[in-house]
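**Q** Just so we're aligned: 55 in the numbering used here is position 2 of the sequence shown, and the numbers increase by one with no gaps anywhere. Each residue gets a CB set at the ideal place from its N, CA and C atoms; glycine is no exception. To start, I am sharing the structure in question, which I have written as structure tokens.
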Amino acid sequence: DRSAKNYAFVDAVARKNVSLTIANIREKSSVLRDLESSGGIKIAGSMYNLETGIAEFFA
Numbered sequence: 054d055r056s057a058k059n060y061a062f063v064d065a066v067a068r069k070n071v072s073l074t075i076a077n078i079r080e081k082s083s084v085l086r087d088l089e090s091s092g093g094i095k096i097a098g099s100m101y102n103l104e105t106g107i108a109e110f111f112a
């Protein structure tokens with residue numbers, strides 16, 4: 054079931070979106086990519102779980 058009623062599907066789509074956004078930032082911004090490569094910053098995404106109040110971070 055590929056609908057909003059399917060929690061596992063929605064979660065998988067959201068995780069994929071975070072992953073693709075991180076990759077897109079690295080691909081499109083040479084400034085941020087270079088800063089990350091030199092250790093100046095870390096590019097990360099996150100998802101916040103409304104039920105648990107826990108934020109999960111992805112790098």
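Should Ser83 and Phe111 be called a contact, given that it needs their Cβ atoms to be closer than 8 Å?
**A** Here residue 83 corresponds to residue number 30 of the sequence shown, with the count starting at 1. Here residue 111 corresponds to residue number 58 of the sequence shown, with the count starting at 1. The answer is no: Cβ separation not under 8 Å.
**Q** Which value, in whole angstroms, describes the spacing of the CA atoms of Phe62 and Ile94?
**A** Counting from 1 along the sequence shown, the entry for residue 62 is found at position 9. Counting from 1 along the sequence shown, the entry for residue 94 is found at position 41. Going by the C-alpha atoms only, they are around 32 Å apart.
**Q** State the start and end residues of the unbroken alpha helix (DSSP H) segment that holds Ala67.
**A** Locating residue 67 in the sequence shown gives position 14, counting from the first residue. 60-81 is the span of the alpha helix (DSSP H), which, as asked, contains Ala67.
**Q** Distance check for Ile96 and Ile75, CA to CA, integer angstroms please.
**A** As a working note, residue 75 is residue 22 in the sequence shown. As a working note, residue 96 is residue 43 in the sequence shown. In a straight line, the C-alpha of Ile75 is about 7 Å away from that of Ile96.
**Q** Under three-state DSSP, which class holds Ser99?
**A** Along the sequence shown, read from residue 1 onward, the residue named residue 99 stands at position 46. If DSSP states are grouped into helix, strand and coil, Ser99 belongs with the strands.
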